[in-house]
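Taking mature numbering (1 follows the signal peptide of the UniProt record, and there is no 0), I'd label the letters of the sequence shown as residues -27 to -1, 1 to 153.
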Amino acid sequence: MLKFKSPNLKFVTVLALVSIICTNGWASTVAAASVESMKALPNIIDSSGNTQQLLNRVTGNVYGSQTKNQIVREVVEQRTSKSKHFLLADGSYQAQISLKDVHYEDENGHWQDIKTDLIDEADLDVATVALSKASAKEVKQLAKDNKDKKSKNQLDRSQTSYRALQIPYDVKIPKQWKQG
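Take a look at the structure:
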């Protein structure tokens, strides 16, 4: 238990504790605290110097007593490239927002989950996955060309590349490292 002689020292210590919590990945919980509650931090610590009580109030008690609403389903219609939306059991919605893309737009304009699986260009004609809008045109033409080469027995698999078809951009990884 920490004892403080000065209210200012309490406040500085509390800010340091909040900073430590933020660096441990709890920033979103701490960020939810209002400006008014941050101004009132020195008053939260009781006379015995109980910093646990302060942390519980600032972080919404991240130590386990905070109950979370159960997710019923994802609301696919509200997807964006960087977000998912969920319907919760109480009828409210929760948005999960990322700094990076979590979805790609398929050729039909629907947002799909990113999958980084690689497919050999030689097998594109038999692939049954949704194609990203960014690569659909080129991949379809390549699949058609490779199908023609296969029928004539002219397809050299060592000269093909690997493709990631379900990401928001077109990726081509050559099998021959000399090719780039």
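We treat Cβ as the ideally placed atom computed from N, Cα and C, and that holds for glycine.
Which word fits residue i, buried or exposed, when buried means at least 16 other C-beta atoms lie within 10 angstroms of its C-beta?
i	result
Trp150	exposed
Pro141	buried
Ser108	buried
Val(-10)	Note that Val(-10) scores a pLDDT of 42, beneath 50, so its modelled location is shaky; the value from the coordinates is reported in the next line. It counts as buried.
Leu72	exposed
Gln114	exposed
My guess is that residue i and residue j are in contact by the Cβ rule of under 8 Å, so how many angstroms apart are they, rounded?
i	j	result
Tyr66	Ser105	Not quite, the Cβ-Cβ distance comes to about 27 Å (not below 8 Å), so this is no contact.
Asp143	Glu111	6 Å
Ala103	Gln139	6 Å
Determine, using beta carbons only, whether residue i and residue j come nearer to each other than 7 Å.
i	j	result
Leu128	Ala100	no
Leu61	Asn81	no
Phe59	Ile44	yes
Ile92	Arg136	yes
Asn119	Asp98	yes
Ile146	Ser134	yes
Lys57	Glu47	yes
Is residue i helix, strand or coil by DSSP?
i	result
Gln139	strand
Val45	strand
Val99	helix
Glu80	coil
Lys125	coil
Lys117	helix
Val112	helix
Lys106	coil
Ser54	coil
Ser134	strand
Lys73	coil
Lys148	coil
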